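Protein chains in written order, with this note's numbering: chain A, 1 to 161; chain B, 162 to 492. Backbone N, C-alpha and C fix where the C-beta goes; we use that ideal spot for every residue, glycine too. Predicted model, so just to flag it, every value in this text is computed and none were measured. Working notes, structure below.
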């Protein structure tokens, strides 16, 4: 039987790209690693709340776009929320919104953002995602500063031209 | 080995066992018995010592060959005690894998009781909180031994009118839909006691559950003369205090018997092959063999699994399916 610590720090092999992923919070910066940092794919395992592992679908969840976490900061109305990754289940069509981890591939995140802008994720039913506010072209600067820091904003051509 | 059933020998039922002594009920009398040395030898296991090839005879370290509810042939001795000569074949029995003191230790079979008509898993609505996975384990063990089960929920007054009530009722409905009878009681509010009496009458029932759920309290209400020792739950830990320390069967005035057990911290499934586990979930039985991989399907990651599909469309509860996967991992 796994101890509680082991269960939360369970390493895994990505079923999509085959890379071995360590889920230790020191590496990922999050306590619940739920997607591969290399390909950003996840699996459909949770049903009612994060970590409940009640879903029997177990299908692959593709990264389909980026959004921001809704925040209600009454002292700073201009604060943008934390960057979040939107996953879409290829098998059953469910979607979930997950935190981006520290070791996620930033270029893959940018690629996901661009794919969403270009509407290339043809397998998903867009009507199911109508409640999610995806990041658009106007959020590009915010995305760059979020992923690469403020230096990138002054010279964006270096990483996300 | 056949024992001669002479006039001196009697057949009785074991009502209680404590430190190698067995209270055997026969003709409205209780005789305290011990096992005969001949019977012990039947349960000895010979092992060859790996280095010296010397054959040594040892008892199975933790095995007690007699369980409460067993029918035994015993012979009275002059001082009023008795000697158990033979254990008659069991109609059925409930066994569990013992709790392991550390992860590397081996588990062994513990027969809790034998010759049962029904098992009654007892869970408190609150204080201590119900552990539904443990209930599933007890139900699976009962199904594996082909014994009927009736779920008993106690202390309902603690959640009535609170937000936990909805969660509890939805869990109860989950088991009712599968076909398990569920009795909701409250000793304080005198609720559900008639239904419990009807369920217990003229049957041999085994109460099993965590410490502090109120097994002995309910028995004191059903049979006021028993006067079993009870204690309140520890307020700082929210857990029971392990008051009942031995297994004992009590005859009920309305007919039938009831077996009170000490609180169970964990309930290991014993003697069940992983491929037979789904058969012990009544709601899964209809889908066994209908998967893409037929009877070889483990109902976990396989594509085209009929059971996973049923969980997705709501026919099987996801909580029960998760219990199935956890149990399968332990087997």
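For residue 250 of chain B, no chain A residue has a Cβ inside 9 angstroms of its Cβ, as the nearest lies near 35 angstroms away.
In this structure, residue 28 of chain A sits away from residue 111 of chain A, with a CB-CB distance that is not shorter than 8 angstroms. The stretch 266-276 of chain B makes no contact with the stretch 454-465 of chain B; the number of CB pairs closer than 8 angstroms stays below 3.
Between the C-alpha atoms of residue 182 of chain B and residue 468 of chain B there is a straight-line separation of about 48 angstroms.
Within chain B, the C-beta atoms nearer than 7 angstroms to that of residue 56 of chain A come from 469, 472, 473, 479 and 482, in chain order. The residue from A:93, A:149 and A:64 with its alpha-carbon nearest to that of residue 135 of chain A is A:64. By the neighbour-count criterion, in which 16 or more other beta carbons inside 10 Å mark a residue as buried, residue 298 of chain B falls on the buried side. For residue 427 of chain B, the closest alpha carbon among the candidates B:382, B:446, B:488 and B:325 is that of B:488.
By the rule that beta-carbons nearer than 8 angstroms mark a contact, residue 328 of chain B does not touch chain A.
At least one CB of chain B lies nearer than 8 angstroms to the CB of residue 53 of chain A. The alpha-carbon separation between residue 13 of chain A and residue 115 of chain A amounts to approximately 25 angstroms.
Counting only Cβ-Cβ distances below 8 angstroms, residue 92 of chain A has contacts in chain B at 473, in chain order. Out of B:490, B:483, B:491 and B:492, the CA that lies nearest to the CA of residue 46 of chain A is found in B:483. Secondary structure note for residue 421 of chain B: it is in no alpha helix (DSSP H), and the uninterrupted beta strand (DSSP E) holding it is 418-421. Here the C-alpha atom of residue 364 of chain B lies approximately 27 angstroms from the C-alpha atom of residue 246 of chain B. With fewer than 16 other Cβ atoms from the protein chains shown falling within 10 Å of its own Cβ, residue 69 of chain A counts as exposed. At least 8 angstroms separates the CB of residue 247 of chain B from every CB of chain A. At a cut-off of 8 angstroms between beta-carbon atoms, residue 47 of chain A makes contact with chain B.
C-alpha of residue 282 of chain B to C-alpha of residue 257 of chain B: approximately 14 angstroms in a straight line. In the DSSP assignment, residue 191 of chain B falls within the beta strand (DSSP E) that extends over 190-196. At the C-beta level, residue 20 of chain A and residue 34 of chain A stay beyond 8 angstroms of one another. Here residue 486 of chain B has 461 as same chain residues with Cβ atoms under 7 angstroms from its own Cβ, once five neighbours each way along the sequence are excluded.
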